[in-house]
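J.: Numbering follows the numbering used here, in which position 212 of the sequence shown is assigned residue number 1209; successive positions increment by one, without gaps.
Backbone N, C-alpha and C define an ideal beta-carbon position, used for all residues, glycine too.
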Amino acid sequence: MSKRAVLEVIALGAEDAVAAQAGGADRLELVTDMAADGLTPSRETFGRIRAAVGISLRVMIRLADGFAAGDLDALAETARGLRAEGADEFVLGFLDPAGGPDLAAVERITAELDGCRWTFHRAIDRAADRDALRKQLAHAPGLDTYLTAGSPDGVDAGLDVLAAEAARSGEPGYEQRILVGGGLRLDHLPRLKAAGIDAFHIGGAARPQGWTAPVSTDAVRTWREAVDAGIGI
């Protein structure tokens, strides 16, 4: 049986979503305001994207730039609203002032998600201790993925960390899938795949003309072919 690698693409709206699906994306991360590194889109935007495509959608729960949770009541209300709209996969991640996981915030929001699957995003790359964060979140309900570059400086700087974490797959705190994103380039793929990593996240790489232009189906297709190349049977 073949094993298909996961390709996740950032989508800001329905046009992006349709183009990404046509190019072979498996899943979309839905955000708005990339100037703030991605905030929660509106319920209406989610609804339009959900109606436009049939692939999985992971919706960002983040109301302000940075990795502090901020207003937990507002975050919880946002999560409830998205759930009511039909969202069933999410992206979130909050750090406390010491750089550890904000467990109170994670628990509050995941309680609203009622077991839905979710990704802890690149807040892990800003954590004071990645290993400690993973172990503290080991049993967080629904957590199945870490989106990470291995370093706050991007994949170039994080390759060794990513390979080392992939080698610990299955250990306590390391059961979740590694989804690599953050300055990811095509030339990174051979080393990452050799390390056993099989999930990849792109944003700007899907938009050769920049963030003011929509996702390019051709660019996504190029990535689809590259992430699939050499995946074992």
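Quick check: what's the CA-CA separation for L1156 versus A1146?
T.: As a working note, residue 1156 is residue 159 in the sequence shown. As a working note, residue 1146 is residue 149 in the sequence shown. Spanning the two alpha carbons is a distance of roughly 8 Å.
J.: Just to confirm, is the Cβ distance from Q1173 to D1122 under 8 Å?
T.: Taking the first residue of the sequence shown as position 1, residue 1173 is located at position 176. Taking the first residue of the sequence shown as position 1, residue 1122 is located at position 125. No.
J.: Mind checking D1266: buried by the 16 CB within 10 Å criterion, or exposed?
T.: The structure shown does not extend to residue 1266, since the chain is modelled only from 998 through 1230, so no value can be given for it.
J.: On a Cα-Cα basis, can you pick out the residue from S1039, A1008, R1077 that is closest to R1108?
T.: Locating residue 1108 in the sequence shown gives position 111, where the first residue counts as 1. The amino acid occupying residue 1108 in the given sequence is Ala; Arg does not appear at that position. Nearest C-alpha to A1108: R1077.
J.: Which residue or residues does DSSP assign as beta-bridge partners of A1008?
T.: Here the question's residue 1008 lines up with position 11 in the sequence shown. L1027, per the DSSP bridge assignment.
J.: Report back the beta-carbon spacing between G1179 and V1152 to the nearest angstrom; my notes put them in contact at under 8 Å.
T.: For this step, residue 1179 is matched to residue 182 along the sequence shown. For this step, residue 1152 is matched to residue 155 along the sequence shown. Going by Cβ atoms, the distance from G1179 to V1152 rounds to 6 Å, so yes, they are a contact pair.
J.: Per the DSSP calculation, I1199 is bridged to which residue(s)?
T.: Here the question's residue 1199 lines up with position 202 in the sequence shown. Bridge partners of I1199: V1006.
J.: Contact defined as beta carbons within less than 8 Å: I believe G1021 pairs with R1188. What is the distance between those atoms, to the nearest angstrom?
T.: Locating residue 1021 in the sequence shown gives position 24, counting from the first residue. Locating residue 1188 in the sequence shown gives position 191, counting from the first residue. Not confirmed; about 22 Å, so no contact.
J.: Can you tell me whether DSSP reads D1184 as helix, strand or coil?
T.: By one-based count along the sequence shown, residue 1184 stands at place 187. Here D1184 sits in helix by DSSP.
J.: Would you be able to state if there are at least three C-beta pairs under 8 Å between the segment 1066-1082 and the segment 1131-1141?
T.: No, because fewer than three Cβ pairs between the segment 1131-1141 and the segment 1066-1082 fall closer than 8 Å, the two stretches do not touch.
J.: Which of the three DSSP states, helix, strand or coil, is assigned to G1229?
T.: Numbered from 1 along the sequence shown, position 232 holds the residue referred to as residue 1229. The predicted model places G1229 with a pLDDT of 42, which falls under 50 and marks its position as unreliable; any figure quoted below should be read in that light. Correct three-state label for G1229: coil.
J.: Which class does I1175 belong to by DSSP, given the choice of helix, strand or coil?
T.: Counted from its first residue, the sequence shown places residue 1175 at position 178. Strand, per DSSP.
J.: With 8 Å set as the bound, which would you pick, yes or no: does the beta-carbon of G1083 sit closer than that to a beta-carbon of chain D?
T.: The structure shown contains no chain D; it holds only a single protein chain.
J.: Answer with buried or exposed for A1071, where buried requires no fewer than 16 other C-beta atoms within 10 angstroms of its C-beta.
T.: Sequence index remark: in the sequence shown, residue 1071 carries index 74 (1-based). Per the 10 Å Cβ criterion, exposed.
J.: Are the CB atoms of F1064 and F1091 nearer to each other than 8 Å?
T.: In the sequence shown, counting from the first residue as 1, residue 1064 sits at position 67. In the sequence shown, counting from the first residue as 1, residue 1091 sits at position 94. Yes, Cβ-Cβ distance for F1064 and F1091 is below 8 Å.
J.: Output yes or no for whether 8 Å exceeds the beta carbon distance between D1225 and R1024.
T.: Here residue 1225 is taken as the residue at index 228 of the sequence shown, counted from 1. Here residue 1024 is taken as the residue at index 27 of the sequence shown, counted from 1. Contact: no.
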